[in-house]
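In this note's numbering, the protein residues as written are 115 to 686.
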């Protein structure tokens with residue numbers, strides 16, 4: 115039997131069953147004939163082993179319980195390629211069996227190695243197709259896109275089919291499979307978990323290789339970017355499959371669109387602290403810094419988000435210093451993107467918290483001035499929180515503390531945040547002002563926030579906020595005019611007295627209202643108001659509980675009470 119090359123050409127247009135009818139005889143012939151080959155016996159032994167495995171796989175294929183297995187479009191390409199390779203092997207076998215063969219030995223070795231490798235790849239593809247289970251589906255030609263109401267089994271089978279086509283098919287199969295994958299992820303984000311568990315994520319990452327087809331690489335990157343931000347499970351799967359290295363390369367040398375998608379994925383991956391170390395391991399800090407310098411606004415925003423995520427890692431901070439990353443981050447504070455400003459502020463805050471070296475570097479680059487200016491420009495509370503946190507981190511420096519203490523505008527802005535901000539902003543603003551040296555003039559400028567400070571003294575969370583609020587309130591009340599204004603406010607006096615009530619479990623630290631009221635008790639009018647509000651019995655009980663300052667304040671009020679009684683008797 116001498117099959118011709120024209121047979122393979124004709125097979126590409128024939129149905130799988132017809133092609134199989136041509137494959138089986140030549141496969142059997144090759145297995146038997148290879149036993150008697152006398153040259154390159156080692157190579158032919160390897161090929162024969164693979165041919166035997168192929169025969170087993172083909173038997174499994176034809177014994178499929180589904181009557182429609184032969185309609186699978188992947189077989190329309192796979193089987194003709196297999197027939198073509200078997201015909202090539204038959205030609206090589208004929209040459210190796212001929213006693214008169216005078217061809218080049220090295221050339222024959224190369225041909226056999228290439229054919230053996232191709233046979234291994236096709237065998238792998240066939241086995242993959244058999245394992246996927248897609249041949250068992252009655253609608254094997256095209257699986258329909260699952261909808262939101264589709265069963266888990268439908269989604270599972272669809273994902274298996276996608277990745278089978280992705281690994282076995284040519285460029286067109288890969289393109290359509292990736293498009294279907296993106297459509298699935300965009301219509302139902304919950305399917306990301308199925309993709310992470312059942313899909314060959316490593317192969318998807320392999321498609322990011324710079325040597326691959328551009329259009330396929332672009333679609334694969336889109337899929338990886340979506341998976342990175344869909345769920346914790348899918349994000350973990352792409353990281354463990356080694357996505358970070360290829361993503362950093364694309365962030366470095368890809369097109370503008372690819373850099374933007376890669377930046378999105380890198381930011382999402384590094385959001386998990388357990389993954390943050392890998393940026394340094396891949397030498398990615400220099401890539402991130404350069405992407406901020408030269409990237410599009412979208413790339414800059416997501417890249418600085420990645421730096422914000424990984425700035426907690428010691429090795430990353432060292433690399434940021436070496437790559438002159440701080441000036442780049444400070445420059446982003448002037449960006450037109452609010453998201454970039456917020457993320458840059460967070461990154462700078464983390465760096466400033468790490469030590470005096472970075473604090474000095476940020477101040478040297480005029481980062482403090484830019485952050486202070488942003489307080490009046492930020493529109494969202496999250497951006498303000500980031501800016502204040504960065505300033506708070508910098509305030510550990512004596513130089514910065516002096517600058518902030520002398521800025522009336524900064525102090526007044528924080529006073530307004532204490533009055534009108536959310537709890538996080540209030541906490542940050544209070545902690546900032548509480549550690550500054552504020553002049554009497556600036557204390558008068560923020561006197562309107564005393565009511566808010568009193569309310570914050572009742573806040574059990576965040577831990578320590580009530581202490582800071584009491585400390586700042588005492589500073590504000592050190593100015594006589596501020597004390598007089600507070601005494602006139604009956605609601606605030608009543609609130610402070612209520613805090614001292616032993617039955618009031620909201621305020622556990624009773625010494626705080628006692629200390630504040632003691633600072634105000636130099637005024638006879640204040641003492642009268644305290645007595646009228648019922649402070650005296652509370653203080654007696656607190657004195658029995660040994661609350662600091664309670665006994666002394668009770669004695670002061672008692673004296674005032676006696677004077678009041680004598681005064682009434684004298685008038686009578």
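Even glycine gets a Cβ: it sits at the ideal position worked out from N, Cα and C.
Taking a contact to mean a Cβ-Cβ separation below 8 Å, would you say residue i touches residue j in this structure?
i: residue 508; j: residue 525; result: no
i: residue 341; j: residue 309; result: yes
i: residue 206; j: residue 171; result: no
i: residue 656; j: residue 664; result: yes
i: residue 274; j: residue 303; result: no
i: residue 363; j: residue 329; result: no
i: residue 593; j: residue 560; result: no
i: residue 419; j: residue 375; result: no
i: residue 502; j: residue 539; result: yes
i: residue 316; j: residue 355; result: yes
i: residue 370; j: residue 407; result: no
i: residue 437; j: residue 399; result: yes
i: residue 165; j: residue 195; result: no
i: residue 430; j: residue 393; result: yes
i: residue 572; j: residue 630; result: no
i: residue 331; j: residue 318; result: no
i: residue 587; j: residue 607; result: no
i: residue 570; j: residue 544; result: yes
Over the uninterrupted alpha helix (DSSP H) stretch that includes residue i, give me the two end residues.
i: residue 328; result: 328 to 344
i: residue 356; result: First-last for residue 356: undefined, no H or E at that position.
i: residue 642; result: 638 to 646
i: residue 279; result: 266 to 282
i: residue 307; result: 305 to 312
i: residue 138; result: 130 to 147
i: residue 433; result: 428 to 436
i: residue 488; result: 481 to 489
i: residue 298; result: 285 to 301
i: residue 413; result: 411 to 424
i: residue 373; result: 370 to 384
i: residue 205; result: 187 to 211
i: residue 472; result: 470 to 478
i: residue 649; result: 649 to 658
i: residue 455; result: 452 to 467
i: residue 441; result: 439 to 446
i: residue 169; result: 155 to 176
i: residue 102; result: What is shown of the chain runs 115 to 686, which leaves residue 102 out entirely.
Taking buried to mean at least 16 other C-beta atoms within 10 Å of its own C-beta, is residue i buried or exposed?
i: residue 415; result: buried
i: residue 444; result: buried
i: residue 381; result: buried
i: residue 536; result: exposed
i: residue 690; result: Only positions 115 to 686 of the chain appear in this structure, which leaves residue 690 out of reach.
i: residue 684; result: With a pLDDT of only 38 at residue 684, under the threshold of 50, the placement of this residue in the model should not be trusted; the figure read from the coordinates follows. The residue in question, residue 684, is exposed, as its Cβ has fewer than 16 Cβ neighbours within 10 Å.
i: residue 281; result: buried
i: residue 225; result: buried
i: residue 478; result: exposed
i: residue 413; result: buried
i: residue 484; result: buried
i: residue 130; result: buried
i: residue 284; result: exposed
i: residue 652; result: buried
i: residue 208; result: exposed
i: residue 659; result: exposed
i: residue 245; result: exposed
i: residue 100; result: Because the chain spans 115 through 686 in this model, residue 100 falls outside it and cannot be assessed.
i: residue 346; result: exposed
i: residue 499; result: buried
i: residue 297; result: exposed
i: residue 624; result: buried
i: residue 373; result: buried
i: residue 638; result: exposed
Under a CB-based cut-off of 8 Å, is residue i close to chain B?
i: residue 545; result: The chain inventory of the structure shown lacks chain B, comprising one protein chain alone.
Scan the stretch 516 to 598 and note each continuous alpha helix (DSSP H) run of 4 residues or more that stays entirely inside, going in chain order.
Scanning the stretch 516 to 598 from its first residue to its last, the whole alpha helix (DSSP H) runs of 4-plus residues come out as 522 to 534, 537 to 548, 554 to 559, 564 to 570, 579 to 590.
Taking 8 Å as the threshold, find out whether the stretch 266 to 282 comes into contact with the stretch 195 to 210 through three or more Cβ pairs.
With the cut-off at 8 Å, the stretch 266 to 282 and the stretch 195 to 210 do not touch.
If you pair each beta-carbon of the stretch 549 to 561 with each one of the stretch 603 to 618, do three or more pairs fall below 8 Å?
Output reads no: the stretch 603 to 618 does not touch the stretch 549 to 561.
I want to know whether the stretch 513 to 521 touches the stretch 473 to 485 - three or more CB-CB distances under 8 Å.
Taking a cut-off of 8 Å on C-beta distances, the stretch 513 to 521 touches the stretch 473 to 485, as three or more cross pairs fall below it.
Quick one: any contact between the stretch 162 to 177 and the stretch 135 to 148, if contact means 3 or more CB pairs under 8 Å?
With the cut-off at 8 Å, the stretch 162 to 177 and the stretch 135 to 148 touch.
Which complete beta strand (DSSP E) runs does the stretch 592 to 633 hold, if anything under 3 residues is left out?
Here no run is fully enclosed.
For the pair the stretch 489 to 496 and the stretch 432 to 448, tell me if three or more CB-CB distances fall below 8 Å.
In the pairwise beta carbon analysis, the stretch 489 to 496 is classified as not touching the stretch 432 to 448: fewer than three pairs are separated by under 8 Å.
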